[in-house]
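Visitor:
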Amino acid sequence: MRGILCSGIALTALLLGACRGSSPPGAGGGGSGGGVVPKPTAMLKVSDPSGAFGPFAIASLEKLFISVEGANLKPGAHAVRVDVTSPRGSLYAQLPASLRADDQRRGSTVRTLQVRGSVIGTYREVGTWRMVAYVDGVPMAAASVDITE
């Protein structure tokens, strides 16, 4: 009975705190007019040098630009890695980068994946290529692109 009463008191305190606009411990509010800090997110875009998003004909494709745009990140430097997986499912490349989030908690970085003159172009590796972006070791975004004959 005592455990139920203590739980009831704790729940009432949390509810009263919510009504007054304060945050429970560990919610990231800090009591300074904040709320819950939005979860970090990222978007991954893949394009050719003209800005097109595909599908791409391998005969005319020189390279791909892989853009990672982060939001709600802690201001400062962040480690980024893009894993590129071939149409056969094997890891083709891991592209390291860094991203600097500004005071608005946003940042971006771009990596280049060479196609012409690489294994992709030489061996005509056509099909759906998959990319996954990791920010500070956490998978945050994915995209795929079709390279066709």
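Each residue of the sequence shown is one higher than the one before, counting from 115 in the numbering used here. C-beta atoms are modelled at their ideal positions from N, C-alpha and C, and glycine is treated no differently. Since we're looking at a predicted model, the values are computed, not measured.
#1: What does DSSP give as the partner residue(s) for lysine 159 in the beta ladder?
#2: For leucine 178, count neighbouring C-beta atoms within 10 Å of its own C-beta (all shown protein chains included) and say buried if the count is 16 or more, exposed if not.
#3: Which runs of the alpha helix (DSSP H) fall wholly inside the region 187 to 240 and span at least 4 residues, in chain order?
#4: What residues in its chain sit with their C-beta under 6 Å from that of alanine 185, if we drop five residues either side in the sequence?
#5: When DSSP labels each residue in this structure, what does alanine 171 get in the three-state scheme?
#6: Does the beta-carbon distance from valine 249 to arginine 225 come in below 8 Å?
#7: When we look at the beta-carbon of threonine 262 and count the other beta-carbons within 10 Å, is it buried (16 or more) or exposed?
#8: Report, in whole angstroms, the separation of the C-beta atoms of isoleucine 180 and leucine 158, which I expect to be a contact under 8 Å.
Guide: Per the coordinate set shown:
#1: DSSP lists Ser181 as partners of lysine 159.
#2: So leucine 178 ends up on the buried side.
#3: Unbroken alpha helix (DSSP H) stretches of 4 residues or longer found wholly inside the region 187 to 240: 233 to 236, given in chain order.
#4: Counting only Cβ-Cβ distances below 6 Å, and skipping sequence neighbours, we find Thr155 and Arg220.
#5: Collapsing the DSSP output to three states places alanine 171 in a strand.
#6: No.
#7: Taking all protein chains in view, the Cβ of threonine 262 is surrounded by fewer than 16 other Cβ atoms within 10 Å, so the residue is classified as exposed.
#8: Approximately 7 Å separates the beta-carbon atoms of isoleucine 180 and leucine 158; this is inside 8 Å, confirming the contact.
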